[in-house]
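The sequence shown begins at -16 in this note's numbering and counts up by one.
Glycine included, every Cβ here is placed at the ideal spot set by N, Cα and C.
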Amino acid sequence: MAEGAPRRPVEPYPGTSTTAPPGSWRRRGFINSITGSTTGPGTLWGASSAGPSTQVRPTSGGSRRDRPARAPGPGPAVSGISHPPRPPAGLMITSAAIYHVLHFFHITIDIRNVCVFLAPLFSSFTTVVTYHLTKELKDAGAGLLAAAMIAVVPGYISRSVAGSYDNEGIAIFCMLLTYYMWIKAVKTGSIYWAAMCALAYFYMVSSWGGYVFLINLIPLHVLVLMLTGRFSHRIYVAYCTVYCLGTILSMQISFVGFQPVLSSEHMAAFGVFGLCQIHAFVDYLRSKLSPQQFETLFRSVISLVGFVLLTVGTVLMLTGKISPWTGRFYSLLDPSYAKNNIPIIASVSEHQPTTWSSYYFDLQLLVFMFPVGLYYCFRNLSDARIFIIMYGVTSMYFSAVMVRLMLVLAPVMCILSGIGVSQVLSTYMKNLDISRPDKKSKKQQDSTYPIKNEVASGMILVMAFFLITYTFHSTWVTSEAYSSPSIVLSARGGDGSRIIFDDFREAYYWLRHNTPEDAKVMSWWDYGYQITAMANRTILVDNNTWNNTHISRVGQAMASTEEKAYEIMRELDVSYVLVIFGGLTGYSSDDINKFLWMVRIGGSTDTGKHIKEHDYYTATGEFRVDREGSPVLLNCLMYKMCYYRFGQVYTEAKRPPGYDRVRNAEIGNKDFELDVLEEAYTTEHWLVRIYKVKDLDNRGLSRT
């Protein structure tokens, strides 16, 4: 800790426990807007109802004025908008509805408890929907197995634990409900089920931006049914109703607006809708004309319609009437696109490609039973099973491109694995001999029968064993990886005892009580929401990442020398700079390990063209922090802020001072002093370091 910097004890935040998960803070202002109360004594500020990405406003009386949670950006956003997009409101509306319904029946419950337990509640609803969806595909036995699997699968529990108050908590339920209604509509051809599917789709759109996957999967299903000769009146009624009603409903949501008719992501649904009309018209002509007349007319009409559609589509794209695909959509189709063109998208950990170990870690047994269920569906094709096959194959591909989409893959893995396990058990249970020995028939006494019986018994026992291990594995993963708040870290000591690292809350508490209310904090965007909600200070960039120019400017400051970084910080009116450093504790997710992304993003705009990634590597192409590291790296602002005074610290026995436990190297630049910054606060384990930006003197020549 810097000399003279007061260290305050870490206390519980007002109205919460010390172990409150960080997700519950993200929408504190929304909680206040429902209850009309403050968050507790001394807590006058909370995130607005649109989430932490918009504004911080007062929630009770007092003389404090409105203060933006994020400083205005220096340039336009990536998408060309001048304001951050509004987040889906389905999550907040659902919470408010549950709160008011419970209070209507005089069940008094705090809105915070509703928010904390909302995701687990909807995960139970997801289990029920999974049962009914799988039952439509096979039978009740497969449905029960699929429901049991999704109830404990780590890939879904990671987003549905208590306190995980995020859109994905209810989005998976909405997605599976929409799929269930779609399959019912396809099977029956009923307008009722199609209308219910459209309503479920509307709920999905209001809850999560990932609805784009859904509105492309359903048209793709209809297109495949056309190509395989399975298109019928049932499909026509179902899709036309879902598309028309669902599109009209989705356009009522503010953040969607006219995107269903203007953006490229929605054009597949519109195109398939047009194909449905053409297909129905062709069927009508076929019934009225002779084969020769129909063949001539069909070729002429198809050629004309194809030419017109191609011409109109090209003109609309060139004139900008139809917006191009977004960067995230391009990165799904071309995994290298984001890294080469929009590094801010590729820098997000959730957007990284999935490793093979992650599949086993989050799915375990499902990885092996998924192909079995897929094989069964191929062997017994139907309109509904074609849909689940397409859902499984597409989600498998997309999850390999982006680890975040493991959440979309997990439900279909459970469904197809449930079908596969059910089929295996059904096949072998038929061969079990459960009759009494004295009543066996002559056929049963054949010498081959005992072997068949033993094989069946063995396979059933093996399957039961794998299901038990799946349960234990899921419980262990949930306990170790998905049950702790990310803001409070823990580790095991040499004697097996648990060590708690509460540095994040310690730093935010210090910021809240030891900095001016109008202070602006510069940090990497990962920590924006936490600083806004827990330190109650204005930040430059946050997790919304809507303004690439602003984030690039912060990256340029971090990657530049002190003098150049000072110019940027004065331009942005920065008061304090916060960095995360894990060299003392071995915390690998620190800013040094993220630094190359700061370099890439900083150099992705015109103002940062001088920043080149290769300048931060050694001559042999290595990223090193020791004496052999690049001089550009060893003298940049990020390096100096992380390693300031670290050269005087012994981290391990028999190691020199300044030994970085993450990079496993002795730092190369130890003896330096900061010119434009002064150390304001360093937490107990050096995880968070806060620096104050020095002011210019009255002549503007030097810092004081």
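Would you kindly work out how many angstroms separate the C-alpha atoms of I94 and L104, rounded to a whole number? Position 111 of the sequence shown, counted from the start, is the residue given in the question as residue 94. Position 121 of the sequence shown, counted from the start, is the residue given in the question as residue 104. Between I94 and L104, the C-alpha separation is close to 14 Å.
Identify the continuous beta strand (DSSP E) that holds T665 and give its terminal residues. The residue given as residue 665 occupies position 682 in the sequence shown. Counting along the chain, the beta strand (DSSP E) containing T665 begins and ends at 660 to 665.
Is L348 closer than 8 Å to F448 when the C-beta atoms are compared? To locate residue 448, count along the sequence shown from 1; it is residue 465. To locate residue 348, count along the sequence shown from 1; it is residue 365. No, Cβ-Cβ distance for F448 and L348 is not below 8 Å.
Please report how far the alpha carbon of L616 lies from the alpha carbon of W580, in whole angstroms. As a position in the sequence shown, residue 616 is number 633, starting the count at 1. As a position in the sequence shown, residue 580 is number 597, starting the count at 1. Whole-angstrom Cα-Cα distance: 13 Å.
So for E649, helix, strand or coil by DSSP? What you label residue 649 is simply residue 666 of the sequence shown in a count that begins at 1. Strand at E649.
Euclidean distance between Cα positions of Y380 and V391: To locate residue 380, count along the sequence shown from 1; it is residue 397. To locate residue 391, count along the sequence shown from 1; it is residue 408. Spanning the two alpha carbons is a distance of roughly 11 Å.
C-alpha distance - V671 paired with V560, whole-angstrom precision: By one-based count along the sequence shown, residue 671 stands at place 688. By one-based count along the sequence shown, residue 560 stands at place 577. If I take the Cα positions, the gap works out to 10 Å.
Quick one: grab the DSSP three-state call for D678. On the sequence shown, residue 678 is found 695 positions in, with the first residue counted as 1. The answer is coil: DSSP assigns D678 none of H, G, I, E or B.
Which one of S558, I584, A474 has the shortest CA to CA distance from R536? If you number the sequence shown from 1, residue 536 lands on position 553. When each option's Cα is compared against that of R536, the closest is I584.
Reference K167; option with closest CA among N199, M250, K118: Position 184 of the sequence shown, counting from 1, holds the residue named residue 167. Considering only alpha carbons, the answer is K118.
Just to confirm before moving on: does the CB-CB distance between Y651 and D589 stay below 8 Å? Numbered from its first residue, the sequence shown carries residue 651 at position 668. Numbered from its first residue, the sequence shown carries residue 589 at position 606. The sequence given here places Gly at residue 651; Tyr does not occur at that position. No; because the gap between Cβ atoms is not below 8 Å, this pair is not in contact.
Nearest by alpha-carbon distance to Y82: which of N96, P326, N527 is it? The residue you call residue 82 lines up with position 99 of the sequence shown. Comparing Cα-Cα distances from Y82 to each of N96, P326, N527, the minimum goes to N96.
Run through the DSSP bridge pairs and tell me what M505 is partnered with. Position 522 of the sequence shown, counted from the start, is the residue given in the question as residue 505. For M505, which the question treats as bridged, DSSP gives the partners V560.
6 Å Cβ shell around D598 - same chain, five flanking residues per side excluded: The residue you call residue 598 lines up with position 615 of the sequence shown. If we look at D598 and ignore the five residues flanking it on each side, its Cβ neighbours are V615.
Taking only three categories from DSSP, how would you classify D486? By one-based count along the sequence shown, residue 486 stands at place 503. Reduced to three states, the DSSP call for D486 is helix.
Can you list, in chain order, the stretches of the alpha helix (DSSP H) that have 4 or more residues and sit fully within the segment 270 to 303? 274 to 302
Reduced DSSP category for D598 - H, G, I as helix; E, B as strand; rest coil: Position 615 of the sequence shown, counted from the first residue, corresponds to residue 598. Helix at D598.
If A183 and L210 are in contact, beta carbons under 8 Å, what's the gap, nearest whole angstrom? As a position in the sequence shown, residue 183 is number 200, starting the count at 1. As a position in the sequence shown, residue 210 is number 227, starting the count at 1. No, A183 and L210 are not in contact; Cβ-Cβ is about 26 Å, not under 8 Å.
C-beta contact flag for D525 and W508 at 8 Å: Residue numbering aside, residue 525 sits at position 542 when the sequence shown is read from its first letter. Residue numbering aside, residue 508 sits at position 525 when the sequence shown is read from its first letter. Yes.
Whose C-beta lies closer than 6 Å to the C-beta of V225 among residues of the same chain, with five residues either side of it excluded? The residue labelled residue 225 in the question sits at position 242 within the sequence shown. Closer than 6 Å at Cβ, skipping near neighbours: A177, C180, A181.
Under three-state DSSP, which class holds S473? Taking the first residue of the sequence shown as position 1, residue 473 is located at position 490. Correct three-state label for S473: strand.
Of the residues P71, L660, S462, the one placed nearest V136, counting alpha carbons only: Reading the sequence shown from its first residue, position 153 is the one you call residue 136. Answer by Cα proximity: S462.
With the cut-off set at 8 Å, would you say I434 and L408 are in Cβ contact? Against the sequence shown, residue 434 aligns to sequence position 451. Against the sequence shown, residue 408 aligns to sequence position 425. Result no, Cβ atoms of I434 and L408 do not sit closer than 8 Å.
So what does DSSP say about L91, is it helix, strand or coil? As a working note, residue 91 is residue 108 in the sequence shown. It is Thr, not Leu, that sits at residue 91 in the sequence shown. The answer is coil: DSSP assigns T91 none of H, G, I, E or B.
Y465 vs I140 beta-carbon contact at 8 Å: In the sequence shown, residue 465 corresponds to position 482, counting from 1. In the sequence shown, residue 140 corresponds to position 157, counting from 1. Against a cut-off of 8 Å, the Cβ pair of I140 and Y465 comes out as a contact.
Tell whether a beta-carbon distance below 8 Å holds between V659 and Y549. Mapped onto the sequence shown, residue 659 falls at position 676. Mapped onto the sequence shown, residue 549 falls at position 566. Yes, the pair counts as a contact, with Cβ atoms nearer than the cut-off.
Please report the residue range of the alpha helix (DSSP H) in which Q539 lies. Looking up residue 539 in the sequence shown gives position 556. Per DSSP, Q539 belongs to the alpha helix (DSSP H) from 531 to 542.
Near V355, which residues of its chain fall below 6 Å by C-beta distance, leaving aside the five closest residues on each side in sequence? Taking the first residue of the sequence shown as position 1, residue 355 is located at position 372. Result list for V355: G403, in chain order.
Return the CA-CA distance between C619 and A542, expressed in angstroms with no decimal places. Here the question's residue 619 lines up with position 636 in the sequence shown. Here the question's residue 542 lines up with position 559 in the sequence shown. Distance between the alpha carbons of C619 and A542 is about 6 Å.
Could you check whether I153 and P394 sit closer than 8 Å to each other, using their CB atoms as the reference points? Position 411 of the sequence shown, counted from the first residue, corresponds to residue 394. Position 170 of the sequence shown, counted from the first residue, corresponds to residue 153. Not closer than 8 Å, so no.
Would the segment 70 to 78 and the segment 185 to 192 be scored as touching if the rule is three or more Cβ pairs under 8 Å? yes
What separation, rounded to the nearest whole angstrom, lies between the Cα atoms of S571 and N647? Along the sequence shown, one-based indexing puts residue 571 at 588. Along the sequence shown, one-based indexing puts residue 647 at 664. Spanning the two alpha carbons is a distance of roughly 11 Å.
8 Å Cβ cutoff met for C625 and V562: As a first step, residue 625 must be located in the sequence shown, where it is residue number 642. As a first step, residue 562 must be located in the sequence shown, where it is residue number 579. Cβ atoms of C625 and V562: closer than 8 Å.
Need the endpoints of the alpha helix (DSSP H) that Y186 sits in, please. Counting from one through the sequence shown, the residue named residue 186 turns up at place 203. Segment 174 to 190, the alpha helix (DSSP H) holding Y186.
Using a threshold of 8 Å, state whether the C-beta atoms of S613 and T603 are closer than that. As a working note, residue 613 is residue 630 in the sequence shown. As a working note, residue 603 is residue 620 in the sequence shown. Not closer than 8 Å, so no.
With distances taken Cα to Cα, identify the nearest neighbour of R481 among C259, S467, E635. If you number the sequence shown from 1, residue 481 lands on position 498. Checked all of C259, S467, E635; the closest Cα to R481 is S467.
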